[in-house]
Amino acid sequence: MSTVRRILARLPLHLAVIGLCLIWLLPTVGLLVSSFRPKDAVFATGWWTVFRFPLDFSQFRLDNYIQVLTAQGLGRAFLNSLTIVIPSTVIPITIAAFAGYAFAWMNFPGRQVLFVIVVGLLVVPLQMTLIPLLRIYNRVGLSGTFLGIWLAHTGYGLPFAVYLLRNFFGSLPKDLFEAAYLDGASPLTAFTPSGPAPLGPVAGVPGHLPVHLGLERPAGRAHLPGRDGEGGPTDAAPLRDGPVAGAGLASVDRSGFCLHGRAPAGLLHPPALLRPGHPGRVGEGINRTHITLHASRFTFHVSRFTFHASRITHHNSQITNQEASLLPQVPVSEKRLDDYRPIVGDETVAEIRALAQPLRGARVVHINATAYGGGVAEILQTLVPLMRDVGLDAEWQVIEGADEFFNVTKACHNGLQGMDIPFTDEMKAIWQRYNEANARRLEGEYDFIIVHDPQPAGLLHYHGCAGGKHWVWRCHIDTSQPNPAYWEFFVPYISQYDAAIFTMREYVGPGVSFRHLAIMPPTIDPLSPKNAPMSPEEARRTVARFGVDVRRPLIVQVSRFDPWKDPLGVIDAYRIVKREMPQVQLALVGSMAADDPEGWTYLDRTIRHAGEDWDIYILHNFHGVGNREVNAFQTAADVVVQKSLREGFGLVVAEALWKGKPVVGGNAGGIPLQVIDGETGFLVNSVEECAERVLYLLRHPEEVRRMGAAGREHVRRHFLTTRYLADYLRLFGRLSAG
Amino acid sequence: VRPWAYIGPALLILGFYLVYPTLNTLYLSFLDARSERFVGLQNYLWTLTSPEMHVAFRNNLLWIVLMTTFSVGLGLIIAVLVDRVRYEPIAKSVIFLPVAISFVGASVIWRFVYAYKPANVPQIGLLNAAIVALGGRPIGWLVDTAVNNFALIAVGVWLQTGFCMVILSAALKAIPREILEAARVDGASEWRIFWQITVPMISSTIAVVATTVVINALKAFDIVFVMTNGTRGTEVIANRMYKEMFSFLNFGRASAIAVILLLAIVPVMAANIRRFQAQEEMR
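Chain order of the listed sequences is A and B.
Residue 5 is where the first sequence starts when you use our numbering, and the numbers rise one by one after that.
Residue 1171 is where the second sequence starts when you use our numbering, and the numbers rise one by one after that.
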């Protein structure tokens, strides 16, 4: 009886302990159970439902484990983890034990102050230390070495270890040490043999620290789709020997065994690890992708940083010797007009050859501000080789400048498009100084000098027209409503040119007239990876990698995330469509630049607007969306939307039309030139109209086919590179004729 | 000389890994976004006045109060309770488990707890399933601004309690048995023993643990970064700093936030110093 009573008396205690343990364990058990379930089941029902039929083993699978364990690089990752963890635990504890002992039991000047500083370092946000450390690491060759990682763990773990151990040593009874001294022990022996014994329970704790410092985060040596081609440098990757497990888990997916860049829409962007109910993530290494993303974004930033640093030194050295050197030439690949023959037809090719005939041997130079990134560079990469192929002596040079110059030109770019920003005398002076310096570096005799955009617009003024027979200013931006401060400054420079080329007639700014004015809408290169033919199968496979269900209808908009592209409106339209057609999906695909805070903010807004809707996919270059992927989305789409409220030319519409997709486009900018209402797509002015047109197309596949074919033909006639080439040749002919 | 040989290595490494970057940060905090121009206190002014930062300050305060109270409180309760059962090692391992799980793992785990599906669909998140089973409506734990901060802090408590429990348990074991026995013989209730003997005797350890948790709460980053990235009113100081630094490349502001974060801990440190001095006077 008394034993029963004793057990009963202790029952609440047992219940409390076991209850707490269960609460603590439950989330982890959920993970364990889920890891054995097929992914469809994971996202269809709660993990606890398996316990309804606990003996039904058919509901468990080993697939997930097999997939993870056979993944290449995982063994290496675990080995690396081990190599990092052991020294990163032993070194800081050893060093901290000595220091903690000294702080607790030795008297020396400045002890209190030093201790406060050491503990105060606990609060240093580690993220702040990474960049200065990385710079030093790169200089002394520690980056990418295990030693570097061990020492970093040591440094980051020490404050806490010292703090904990000092407190522990301090609370030991004094007699313990006095007894040891009486027995003839030196402070060192008093420290060592007696130290570790009482230390036992405490010493293990700081050892866990490295795990939490998140130091491994920047692991994966992700290749970065840096927009400006500056993503590459891997000196930011901590480990030459590959990834570490844990964070390194992140980099496994780069080796291709699991999902790539799965990032649907939802509230919790970018990391969104806890995004509920997202199919396909758990079985296949759930958060790897996101971690990689972040790792890569982080590495990206760091490498961007080093890139900037190197660019600055580069520019500094350039300014010093720039007086002597010529403008750098941009190497271009070889391209042949004949390769376009199957696409554009013999007639067009023959026409171009005829236009080029009288111009054979003419010396042409294109001058712009950058060799990569941006539409202008993209066009020149195709145009210059094609000009060569038809017999012109064409080349491409870029002007140079330090960041101060490009800051000013960025302002000019925005100002000329109408943005209300100041234009100070200092800015003007910078622009003039660099234009003058670059003009001095332009040498040689040319028949045609084509200066692109406002950055180098002053070249003619400072160079004098001596070196070129015909100077052409090619304006790629919309100057129809310029900020007067900028326009008035630029007009004297640009009106000196013999000819000007604008994208659309409406883009020509007020009160300026040119001797020759040419209008050349931009074009797409049908042979570039963005527009090269892709089999529907490959497109579906690529799109499926991002989680899109290829069996269900898909609406796609490819655009930056900014208010003028109205991604929020697209989402609203999609919601209207979804009411009628619940299975529809939406993909918003764009590119992000690290130096564009507004872009990131607006991306966040878009994601928030999307909410927890797993049929909305918001993807960008940090998810690994590059040219091929954009191509795939356009190819796999059922309807492409470009619901811009304000647009430049909107060449992305031509890209979609080229893939045989009708486009529902906003009635803005150059879109009406490409979308012929009712022929190649629909022009819309509101969310409701957009939804209605999209729904119409989704319900009438034969109309999609008809308009798609018409759209492709429209692009083939008006918006392919060959047309651009012909335009230039015509302009050159006009100029030569006087 | 001997003390310096003992603390020398620690100081050297700390100087390189933490002191130098901190001074660098202090310097950068007075420069502009690209660290080119001196801007005086402009970055600090922004840090202290911008609405985004106010949200972050409020949330960090929540983190400090709630995470510290619950982690230390629960840690102490569990440490005391498990001290009395034979399966203590197992129970302690279970509670300590989250400490050993990296946050990457933890976030996956908590995804299965907070998962949200609309009301008419079967819930796959533990919490919402329980709520629906009890006849309630599912809650978007990470989305609903009324609860999302608490949901995030709960994860923090889950992660930190094990750490508190282990250290407090070690301190409990160090209390001489005789004292407790004597109290029991004198007829003191367990409740009284806990408050009048146990707590005072381990107070220094409680203070250490609480300090650590407060500091962790101030630096709260991983959980927020991974789960919400500070959207929907869950921003915290450290995440804001990370954004300024790595998303917006505004080194000046990021550095100013870091310095403010450092300053925020001064009162906690001051309390600690006083306690250490007291400890030394006692011996």
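Think of the CB as a built atom: it goes at the ideal place given N, C-alpha and C, for glycine as much as any other residue.
With distance defined between alpha-carbon atoms, name the residue in the options nearest to residue i.
i: residue 1172 of chain B; options: A/110, A/90 and A/23; result: A/110
i: residue 736 of chain A; options: A/130, A/477, A/526 and A/380; result: A/477
i: residue 449 of chain A; options: A/458, A/460 and A/470; result: A/470
i: residue 347 of chain A; options: A/740, A/724, A/734 and A/584; result: A/724
i: residue 1160 of chain B; options: B/1406, B/1264 and B/1352; result: Outside the displayed span of chain B (1171 to 1453) sits residue 1160 of chain B, for which this structure offers no information.
i: residue 499 of chain A; options: A/107, A/719, A/458 and A/631; result: A/458
i: residue 677 of chain A; options: A/696, A/607 and A/655; result: A/655
i: residue 1294 of chain B; options: A/11, A/545, A/364 and A/52; result: A/52
i: residue 1386 of chain B; options: A/124, A/158 and A/467; result: A/124
i: residue 1179 of chain B; options: A/56, A/97 and A/576; result: A/97
i: residue 1247 of chain B; options: B/1331, B/1301 and B/1286; result: B/1331
i: residue 153 of chain A; options: A/176, A/90 and A/132; result: A/90
i: residue 726 of chain A; options: A/558, A/386 and A/643; result: A/386
i: residue 1253 of chain B; options: B/1345, B/1233, B/1393 and B/1447; result: B/1345
i: residue 696 of chain A; options: A/659, A/161, A/116 and A/583; result: A/583
In this structure, does DSSP put residue i in helix, strand or coil?
i: residue 621 of chain A; result: strand
i: residue 244 of chain A; result: With a pLDDT of 36 at residue 244 of chain A, under the threshold of 50, the predicted position of this residue should be treated as unreliable, though the coordinate-derived value follows. Correct three-state label for residue 244 of chain A: coil.
i: residue 743 of chain A; result: Residue 743 of chain A is absent from the model: chain A starts at 5 and stops at 742.
i: residue 523 of chain A; result: strand
i: residue 1330 of chain B; result: helix
i: residue 672 of chain A; result: coil
i: residue 61 of chain A; result: helix
i: residue 594 of chain A; result: strand
i: residue 455 of chain A; result: strand
i: residue 485 of chain A; result: coil
i: residue 429 of chain A; result: helix
i: residue 174 of chain A; result: helix
i: residue 1137 of chain B; result: Past the edges of chain B, shown from 1171 to 1453, lies residue 1137 of chain B, and the structure says nothing about it.
i: residue 1243 of chain B; result: helix
i: residue 737 of chain A; result: helix
i: residue 401 of chain A; result: strand
i: residue 10 of chain A; result: helix
i: residue 472 of chain A; result: strand
Assign residue i to buried or exposed, taking buried as 16 or more other Cβ atoms, counted over all protein chains shown, within 10 Å of its Cβ.
i: residue 728 of chain A; result: buried
i: residue 8 of chain A; result: exposed
i: residue 475 of chain A; result: buried
i: residue 487 of chain A; result: buried
i: residue 1359 of chain B; result: exposed
i: residue 1187 of chain B; result: buried
i: residue 1290 of chain B; result: exposed
i: residue 1219 of chain B; result: exposed
i: residue 1277 of chain B; result: buried
i: residue 431 of chain A; result: buried
i: residue 1311 of chain B; result: buried
i: residue 233 of chain A; result: Legend: pLDDT at residue 233 of chain A = 33, less than 50; position of this residue unreliable, value from coordinates given subsequently. Residue 233 of chain A comes out exposed.
i: residue 539 of chain A; result: exposed
i: residue 571 of chain A; result: buried
i: residue 399 of chain A; result: buried
i: residue 1392 of chain B; result: buried
By Cβ distance below 6 angstroms, which residues in the same chain neighbour residue i in space, the five residues on each side in sequence not counted?
i: residue 212 of chain A; result: Here residue 212 of chain A scores only 37 on pLDDT, less than 50, and its place in the model is too uncertain to base an answer on.
i: residue 1176 of chain B; result: none
i: residue 104 of chain A; result: 166, 169, 170 and 173
i: residue 505 of chain A; result: 478, 522 and 524
i: residue 1424 of chain B; result: 1411, 1414 and 1415
i: residue 371 of chain A; result: 401, 455 and 460
Output needed for residue i: all residues of its chain with C-beta closer than 8 angstroms, excluding positions within five of it in sequence on either side, in chain order.
i: residue 681 of chain A; result: 687
i: residue 1448 of chain B; result: none
Verify the CB distance criterion: does residue i have a CB-CB separation below 7 angstroms to chain C?
i: residue 127 of chain A; result: The displayed structure is made up of protein chains A and B, and chain C is not among them.
Would you say the segment 686 to 694 of chain A touches the segment 411 to 422 of chain A, given that touching needs at least three Cβ pairs under 8 angstroms?
no
Does the segment 51 to 70 of chain A come close enough to the segment 123 to 143 of chain A to have 3 or more Cβ pairs within less than 8 angstroms?
-> no
(message) Using a Cβ distance threshold of 8 angstroms, determine whether the segment 628 to 637 of chain A contacts the segment 533 to 547 of chain A, with at least three qualifying pairs required.
(response) yes
Practice item. For the segment 609 to 623 of chain A and the segment 582 to 595 of chain A, state whether three or more C-beta atom pairs, one from each stretch, are separated by less than 8 angstroms. Key: yes
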